[in-house]
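Reminder that position 33 of the sequence shown reads as 32 in numbering that gives the first Met the number 0, one-by-one numbering, no gaps.
The C-beta atom is built at its ideal place from N, Cα and C for all residues, glycine as well.
Only a predicted model underlies this, so the values are computations on that prediction, with no experimental measurement involved.
Take a look at the structure set out below.
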Amino acid sequence: MPRPIDIISRAMKDIGALASGETPSSEEAQDAFDMLNDMIDQWSNEDMIVFNVTEIIWPVIAGQVQYTIGPNHASPNFIGAQFTGSITGNVLTVTNVLSGAVAQGQTLSGTGITAGTKILDNLTGAGGNVNYAGTYLLNTTYASPVASTTIQAYYQKPLGIDSAYVRINTNSNGQPIVNGGLDYPIAILALDDYNMIGLKTLNGPWPKALYFNPNSDSGNVFVWPNPAQGEIHMFAQTIFRNYDSINDDINLPQGYTMALRWCLAERLMPMYGKASATQIAMINAFAAQGKSTLKRTNMKPMQSARFNDALLSSRQKDAGWILTGGFFR
């Protein structure tokens, strides 16, 4: 499994800053490592570079229309997860998910949990699917094991919400629905569309629309109408992790190592004064090819038919939607 120092060494050799067999100095390695983390951080904003989707699961609170997501969980209406787990070294073992879902990037708290402990990667865990046990890699190594305990987890703030649905587990009489719950789509509204809702505290059986307002490290989720019940499942692009050390393992799918190598080389050339037109053209071409290969793999050419969001969040004044049957592509 490659490490950041491996990517750095190969990139520096590609631009001629190192000869075969040489290793970068500690200062060179640190400069390139910072550049690598900055580049990976930027990749989280490129949709087709991101290969994974995080499922964010949370039960609504009856009569509550605003919720907080992110590490700033001072609000009692934060969106989080709760599960039973233990820790050995830097591996979290989840045995039972009580609410929400275990997801990459979550911050953990609980008895014996060191402040700032986060989930970096999935090992044998499902990571984003409710009620799946398994193991997860942490950013903190514990000298002494943490015995099985109830752990609270807080989702990292997503850059945006792609889609969502609400699961209803009981009928209007309060009786459990046979064979599990029913799922209803939720419209994702832009700010202008949310502002057009005249009565934002209108009571309703479950949410039909939501608006996400991101802040720097946390965000607010507003649902409409004012819900009486429901479990919301939101889907967002997973944010790439930044590496704490040049010797961390890089656990990414096939093709990412090569893309990281050439894209890092492209960014290191100005730092080392590389001005050869031939060399610049070659490295730019390899970097572009590396990213385009990933984008072709991650792109989703098949678009699913779904209800027009206007049908989910409001009553249209005309029946023009009937021409498409209420669906669009």
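What's the C-alpha gap between L263 and N283?
Roughly 10 Å separates the two Cα atoms.
Taking the straight line between their C-alpha atoms, what separation do you get for F327 and H232?
A caution first: F327 carries a pLDDT of 49, below 50, which makes its placement in the model too unreliable to give a value.
Say whether the segment 61 to 71 touches the segment 148 to 165, bearing in mind that this needs 3 or more beta-carbon pairs closer than 8 Å, one atom from each stretch.
Segments in contact, yes.
Distance cutoff 8 Å, beta carbons only. Does D13 sit that close to anything in chain B?
Absent from the structure is chain B; it holds one protein chain and no more.
Rounded to whole angstroms, what's the CA-CA distance from A28 to G88? Just pull it up for me.
Roughly 27 Å between the two C-alpha positions.
Are the beta-carbon atoms belonging to G239 and S98 less than 8 Å from one another?
According to the sequence provided, residue 239 is Phe. The question's Gly does not apply to it. Cβ atoms of F239 and S98: not closer than 8 Å.
For K12, which residues in the same chain have their Cβ closer than 6 Å to its Cβ, ignoring the five residues on either side in sequence?
Same-chain partners within the cutoff: there are none.
How many Å lie between P213 and G20 at the Cα?
Distance between the alpha carbons of P213 and G20 is about 47 Å.
If you draw a straight line from the alpha carbon of L91 to that of S85, how long is it in whole angstroms?
Answer to the nearest angstrom: the Cα atoms are 6 Å apart.
Please name the residue, chosen from M281, R260, D216, that lies closest to R2 on a Cα-to-Cα basis.
For the residues M281, R260, D216, the minimum Cα distance to R2 belongs to R260.
For N121 versus Y135, is the C-beta distance shorter than 8 Å?
Going by C-beta atoms, N121 is nearer than 8 Å to Y135.
Go to E230, then tell me how far its beta strand (DSSP E) extends in each direction, as first and last residue.
That run of the beta strand (DSSP E) goes 230 to 236.
Which first and last residues belong to the beta strand (DSSP E) in which L136 is found?
Segment 133 to 153, the beta strand (DSSP E) holding L136.
In three-state terms, what does DSSP make of G324?
Note that G324 scores a pLDDT of 47, beneath 50, so its modelled location is shaky and nothing firm can be said.
With distances taken Cα to Cα, identify the nearest neighbour of Y183 among L190, P206, K199.
Of the listed residues, the one whose Cα sits closest to Y183 is P206.
Just checking, does the segment 221 to 237 make contact with the segment 250 to 260 on the three C-beta pairs under 8 Å criterion?
In short, these stretches do not touch, since the Cβ pair count stays below three.
For I56, tell me which candidate among T149, I187, Y164, M34 has the shortest Cα-Cα distance.
That would be Y164, whose Cα lies nearest to the Cα of I56.
Taking the alpha helix (DSSP H) that I6 falls in, what are its first and last residues?
It spans 3 to 13 - the alpha helix (DSSP H) in which I6 sits, taken as one unbroken run.
Suppose the cutoff is 6 Å on Cβ atoms and the five residues either side in sequence are ignored; what does the same chain contact list for Q278 look like?
Nothing meets the Cβ criterion.
For S108, write down the residues that DSSP places opposite it in a beta bridge.
Q151, per the DSSP bridge assignment.
Count the other CB atoms within 10 Å of the CB of E26; is the residue buried (16 or more) or exposed (fewer)?
By the 10 Å Cβ count, E26 comes out exposed.
Between A186 and F82, is the Cβ-Cβ spacing less than 8 Å?
Against a cut-off of 8 Å, the Cβ pair of F82 and A186 comes out as no contact.
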